[in-house]
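Some notes on the structure that comes next.
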Amino acid sequence: MKIMFKQLFVLSQLCLATLWLGSCSMDSSNAPVSPGNNGIGGSMARFAVVGNHLYTVNNTSLQIYDISQPADPIKGNVVKLGVGIETIFPYANQLFIGSQTGMHIYDNQNPDRPTLVSRYDHVQSCDPVVVQGNYAYVTLRDGNTCRTGQNLLDVVDISNLSAPKLVQSYPMKHPHGLGIDGDILFVCEGQFGLKVFDASDPANLVQTQFIPGVKSYDVIPHNQVLLLTGEDGLYQYRYTDPQHLELLSKIPVAVQ
Amino acid sequence: MFKRYLSSNVAGVIIAMLLASLAGCTSEPEETLEKKEGYRPIYMPYEQIRQFSSTSPRPLEHAGKIYIKGNYVFINELNKGIHIINNQNPASPQPVSFVSVPGNVDIAVKGNVLYADNAVDLLALDISNPVDVKLLKRIENAFPNQVFPPHTGVSFECADPAKGVIVGWEKVMLENPKCYR
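Line order of the protein sequences matches chains U and P. The numbering used here applies: residue 1 is where the first sequence begins, and numbers increase by one. The numbering used here applies: residue 257 is where the second sequence begins, and numbers increase by one.
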């Protein structure tokens, strides 16, 4: 009995630990979409749910909705962000906003009124961002709607939120979405494929695998399974071994 | 004191004008019957946009963003809606249903409620029964209409949001286009 309690405790702690990632894997299998926890979005998202708030970003601003009654979202404050806003990634007490001119960090301790802490600026590019621990990972991409950017992966030290500092810049081919789980970083290279990195030392990322055939747009790594979307459909890979991702399934797009 | 107020006010107006020109339309100098290549908005009437239905699964065509909630995966079908997939076994994901939401690109979930953009509107959808998704609430005009084309250095026919939601831009020959970006 005692052991069982201990196991339950450990299990619940594990669930709590993964809460920030969204759902706990204890969801009962046959149930409908389980109530309770929030879900997990990808790095290209313009919507984010944090607690009782839904945040949506458009090109210039952040709109806040009160969703304490989920069925009845109520329009709240608008925060002007600037121009060329593209993505939002919530992490800890912050909102990380990807824009065409850089990454904006907003403090979210008062969820109705996020306040600007700092900005990390760079050349004009399209750039989603994901965060883990003391580091933010930002991809910069050139292209028609992305101004005259470069193709890079920037690793930014955010241990001091008011002074984000570039740790290292890595050349990329044409990066889109990205995702990180523990020491494994996934970067979508668009038409070129998917790259997997060992990120145990963020200042010295080591590529562990490159899967060239997979046209990738965005990824979500979760519970050892990587979800990947792209031009060809939805792929799922087990990444227990980051050197050899195991393809579990693919839902292809319809032949047109 | 008054003078300072006046000058800061003038500066404000100038900044506002600069911002307006950055944000979209700037009028071009008038010329007589000038034909040039540019972009024309493609409108979809509001009543056509504001249609919602929960249907049987359909094939993926243009997979957009993804979202995970419990055992379910939601995949945006670019500008058309949301595929709901039961992903209890990632080796064999099972399509459950398709939610038709014109103009949809983004999704997020809290509890049993899925939030989705429906072009300019925000929808709250009840997904407690994923084969029969129901509309709980619509917030009209939650998002701005895209009143300029996704290109810079181009002429375009000025958008008229009264005609509907702008769902795209086509490249055509325009007579005296009044807008430039």
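Ideal Cβ positions, reconstructed from N, Cα and C, are used throughout, including at glycine.
As assigned by DSSP and simplified to three states, the class of residue i
i, result
"residue 332 (chain P)", "strand"
"residue 136 (chain U)", "strand"
"residue 48 (chain U)", "strand"
"residue 302 (chain P)", "helix"
"residue 397 (chain P)", "coil"
"residue 114 (chain U)", "coil"
"residue 22 (chain U)", "Any reading at residue 22 (chain U) must be qualified, since the residue scores a pLDDT of 33, below 50, and its modelled position is unreliable; the value itself is stated next. DSSP places residue 22 (chain U) in coil when its eight states are reduced to three."
"residue 291 (chain P)", "strand"
"residue 204 (chain U)", "helix"
"residue 92 (chain U)", "coil"
"residue 418 (chain P)", "helix"
"residue 157 (chain U)", "strand"
"residue 222 (chain U)", "strand"
"residue 27 (chain U)", "At residue 27 (chain U), the pLDDT of 34 sits below 50, so the modelled position is not reliable and the matter cannot be decided from this model."
"residue 242 (chain U)", "coil"
"residue 425 (chain P)", "strand"
"residue 385 (chain P)", "coil"
"residue 413 (chain P)", "coil"
"residue 83 (chain U)", "coil"
"residue 359 (chain P)", "coil"
"residue 119 (chain U)", "strand"
Interface residues of chain P facing residue i [CB-CB closer than 8 Å]
i, result
"residue 249 (chain U)", "346, 347, 348, 349"
"residue 174 (chain U)", "By Cβ distance, chain P contributes nothing, its closest Cβ being about 18 Å from residue 174 (chain U), past 8 Å."
"residue 47 (chain U)", "362, 363, 364, 371, 373"
"residue 230 (chain U)", "319"
"residue 254 (chain U)", "315, 316, 317"
"residue 40 (chain U)", "323, 324, 325"
"residue 54 (chain U)", "364, 366, 371"
For residue i: DSSP bridge partner residues
i, result
"residue 68 (chain U)", "None; residue 68 (chain U) has no bridge partner."
"residue 54 (chain U)", "U:49, U:65"
"residue 215 (chain U)", "Answer is none; residue 215 (chain U) lacks a bridge partner."
"residue 315 (chain P)", "Its beta-bridge partners do not exist; DSSP assigns none."
"residue 379 (chain P)", "P:372, P:394"
"residue 339 (chain P)", "P:331, P:354"
"residue 297 (chain P)", "P:425"
"residue 41 (chain U)", "P:323"
"residue 162 (chain U)", "Looking at the DSSP assignment, residue 162 (chain U) forms no beta bridge with any residue, so it has no partner."
Neighbouring residues, chain P, relative to residue i (Cβ below 9 Å)
i, result
"residue 322 (chain U)", "Residue 322 (chain U) lies beyond the residue range present for chain U, which begins at 1 and ends at 256; the question has no answer from this structure."
"residue 114 (chain U)", "Here the premise fails: no neighbours, minimum Cβ distance about 16 Å."
"residue 63 (chain U)", "378, 398, 399"
Cross-chain neighbours of residue i in chain U, by beta carbon under 7 Å
i, result
"residue 428 (chain P)", "Ordered by position in chain U, no residue passes the 7 Å Cβ test against residue 428 (chain P), which lies about 18 Å from the chain."
"residue 392 (chain P)", "71"
The beta strand (DSSP E) enclosing residue i, as first and last residue numbers
i, result
"residue 246 (chain U)", "246 to 252"
"residue 171 (chain U)", "165 to 171"
"residue 238 (chain U)", "233 to 238"
"residue 104 (chain U)", "102 to 107"
"residue 188 (chain U)", "184 to 188"
"residue 353 (chain P)", "350 to 356"
"residue 142 (chain U)", "Run containing residue 142 (chain U): none; DSSP gives neither H nor E here."
"residue 77 (chain U)", "74 to 80"
"residue 364 (chain P)", "363 to 366"
"residue 267 (chain U)", "For residue 267 (chain U) there is no data in the structure shown, the boundaries of chain U being 1 and 256."
"residue 179 (chain U)", "178 to 181"
Test: residue i CB closer than 7 Å to a CB of chain U
i, result
"residue 338 (chain P)", "no"
"residue 298 (chain P)", "no"
"residue 380 (chain P)", "yes"
"residue 424 (chain P)", "no"
"residue 359 (chain P)", "no"
Any chain P beta carbon closer than 7 Å to residue i
i, result
"residue 218 (chain U)", "yes"
"residue 225 (chain U)", "yes"
"residue 15 (chain U)", "Note that residue 15 (chain U) scores a pLDDT of 34, beneath 50, so its modelled location is shaky and nothing firm can be said."
"residue 222 (chain U)", "yes"
"residue 73 (chain U)", "yes"
"residue 180 (chain U)", "no"
"residue 67 (chain U)", "yes"
"residue 152 (chain U)", "no"
"residue 44 (chain U)", "yes"
Chain-ordered neighbours of residue i on chain U, where CB pairs are closer than 8 Å
i, result
"residue 329 (chain P)", "227, 234"
When Cβ atoms are compared, which residues of the stretch 306 to 319 of chain P fall closer than 9 Å to chain C? Among the protein chains in the structure shown, which are U and P, there is no chain C.
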